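J.:
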Amino acid sequence: MPSSSLPVECGLCLAKTPYGEMVDLLWCGHLLCRECVHRTAVNSTTYIIHCPVASEGGAPCNSCIQESALETVLTAQEQRRRKTLAEQSS
1 MPSSSLPVEC
11 GLCLAKTPYG
21 EMVDLLWCGH
31 LLCRECVHRT
41 AVNSTTYIIH
51 CPVASEGGAP
61 CNSCIQESAL
71 ETVLTAQEQR
81 RRKTLAEQSS
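With UniProt numbering applied, the sequence shown corresponds to residues 1 to 90, in that order.
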């Protein structure tokens, strides 16, 4: 694991961000900055949120972003909105 202050590239926006401020998407291994995870989550119209990183061929990763990662970037109000989406899809 790199030092928490070592800058690494966000897999989506390509911004250099200290490793300690990145979100590690455990199921696919992509590293995204908190802003990209937040933007992806708040723009989603579904409870399940997928990794927005595209593969070299252009196909989306589509791995689910784990709940623990979302909890680190969403406000309480945004988390309630996701809960409402989950209830509507049940």
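By construction, the Cβ of each residue, glycine as well, lies at the ideal position given by its N, Cα and C atoms. Remember, predicted model here, so these are calculated numbers, not experimental data.
Do you know offhand how far Cys-64's Cα is from Ser-4's?
T.: If you take the alpha carbons of Cys-64 and Ser-4, they lie about 25 Å apart.
J.: Taking all protein chains shown into account, do 16 or more other C-beta atoms lie within 10 angstroms of the C-beta of Arg-20, making it buried, or fewer, making it exposed?
T.: Checking the sequence shown, residue 20 turns out to be Gly, not Arg. Exposed, by the Cβ-count rule.
J.: Going by DSSP, which residues form a beta bridge with Pro-18?
T.: Answer by DSSP bridge pairing, in chain order: Pro-7.
J.: Let me confirm a value: Ala-41 is counted as buried when at least 16 other C-beta atoms fall within 10 Å, else exposed. Which label applies?
T.: Answer is buried; the Cβ neighbour count reaches 16.
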